[in-house]
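One structure below.
2 protein chains.
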Amino acid sequence: MSLKYLHTMIRVKNLDKTMAFFELLGLKETRRHENEKGRFSLIFMAAPRDEDCPVELTYNWDGDDALPSDSRHFGHLAYETNDIYALCHTLMDAGVVINRPPHDGRMAFVRSPDNISVELLQAGEPQAPAEPWISMGNTGHW
Amino acid sequence: MSLKYLHTMIRVKNLDKTMAFFELLGLKETRRHENEKGRFSLIFMAAPRDEDCPVELTYNWDGDDALPSDSRHFGHLAYETNDIYALCHTLMDAGVVINRPPHDGRMAFVRSPDNISVELLQAGEPQAPAEPWISMGNTGHW
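Encoded structure:
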């Protein structure tokens, strides 16, 4: 038997807010399935040249009360970026809290609008520690 | 900026049970990091020839009380297999409940020991519907 990874799926309460969040990270919609009978939408998003590893957003049109506001059960989605400082600036400028700023030039954590934890890692060697990240405290957990 | 998917991380209560579960699916340990000071282990597991898309298991040596027993917040991990019937038989023989049997020869859902939902999809065309799956009812949700 052979096995191949396809995607990670997460449920979202507000599709627009969540898609805007992942677009800030650099993901684009690659595929969409609207199910009128089941009243849900499935949206696949991936980074350019990384379409084989999408995140799948499940949006139930009539809401999804079973969604907890926070979950430590699911860990996180991780993405590698070639410039963690530029990415964190983009996120911060858009009002996203940098829960774990990249103090070390290497790793940061943020949360999606549904509090899904997202890890960001600098590709290759860490960048030199720099402000405003060095002085920025942690916020919450991730 | 460029972005690349790295892994999905999930927290586990019992590392042996969870690794045994993912080994049943066909994943192998590809990388491990033991942190004595932080008292946690990180184990990366991936299918052969699919090492670029691992699942990361986080195991806290002193337990992790924040783990809910079930979570609809996180969706699922999805894996494609070349024989969904053989894989479901392997899982069933090992005592894993097939929450959503592959009635349609195409899709099944199971749960990890921490109730992490795992989707299994037949690669390519669905197989012809077959017993025991046709007659097998659903169990719980996924």
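Heads up: the sequence lines are chains Z and S, in that order. Under our numbering, the first sequence has -5 at position 1, and the numbering climbs by one with no breaks. Under our numbering, the second sequence has 93 at position 99, and the numbering climbs by one with no breaks. Here a beta-carbon is modelled for each residue, glycine too, at the ideal position from N, C-alpha and C. For clarity, every value in this text was computed on a predicted model and none was experimentally measured.
Item, Value
"Restricting to runs no shorter than 3 residues, where is the beta strand (DSSP E) found entirely within the segment 99 to 123 of chain S?", "101 to 105 and 111 to 116"
"Take S:Leu19 as the anchor and find which of S:Leu(-3), S:His1 and S:Ala88 has the nearest alpha-carbon.", "S:Ala88"
"Take Z:Gln121 and list the residues in its own chain whose beta-carbon comes closer than 7 Å to its own, dropping the five residues that flank it on each side.", "Ile78, Tyr79 and Gly99"
"Have a look at Z:Ala41 and Z:Val49 and give me their C-alpha separation to the nearest angstrom.", "10 Å"
"Indicate whether Z:Trp127 and Z:Asn93 have their beta-carbon atoms separated by less than 8 Å.", "no"
"With a Cβ-Cβ cutoff of 8 Å, do S:Thr12 and S:Phe34 count as a contact?", "no"
"Just how far apart, CA to CA, sit Z:Val90 and Z:Val104?", "7 Å"
"Are S:Ala72 and Z:His1 closer than 8 Å when you measure CB to CB?", "yes"
"Using a Cβ-Cβ distance under 8 Å, would S:Tyr(-1) count as near chain Z?", "yes"
"Can you name, in chain order, every residue of its own chain whose Cβ lies under 8 Å from the Cβ of S:Val112, other than the five neighbours on each side?", "Leu19, His70, Leu71, Ala72, Tyr73, Phe103, Val104, Arg105 and Ser106"
"Look at the alpha carbon of Z:Leu85 and the alpha carbon of Z:Asp10, and state the distance between them as a whole number of angstroms.", "16 Å"
"According to DSSP, simplified to helix, strand and coil, what is Z:His70?", "strand"
"For S:Glu74, go through chain Z and note every residue whose CB falls closer than 9 Å to its CB, in chain order.", "Ser(-4), Leu(-3), Lys(-2), Tyr(-1) and Leu0"
"DSSP beta-bridge partners for Z:Lys22?", "Z:Ala40"
"To be precise: take each residue of the segment 7 to 36 of chain Z, compare its Cβ to all Cβ atoms of chain S, and keep it if any distance is under 9 Å. Which residues remain?", "Leu19, Gly20 and Leu21"
"Does DSSP put S:Met130 in a helix, a strand or coil?", "coil"
"Find the residues of chain Z that neighbour S:Cys47, judging by a C-beta separation of less than 7 Å, and give them in chain order.", "Tyr(-1) and Cys47"
"Does Z:Ile78 come out as helix, strand or coil in the three-state DSSP assignment?", "helix"
"Using three-state DSSP, classify S:His97 as helix, strand or coil.", "coil"
"Which whole-angstrom value is the C-beta distance of Z:Lys7 and Z:Asp108, which I expect to be below 8 Å?", "6 Å"
"On a CA-only basis, which of S:His97, S:Ala124 and S:Pro123 is nearest S:Gly131? Give me that one, please.", "S:His97"
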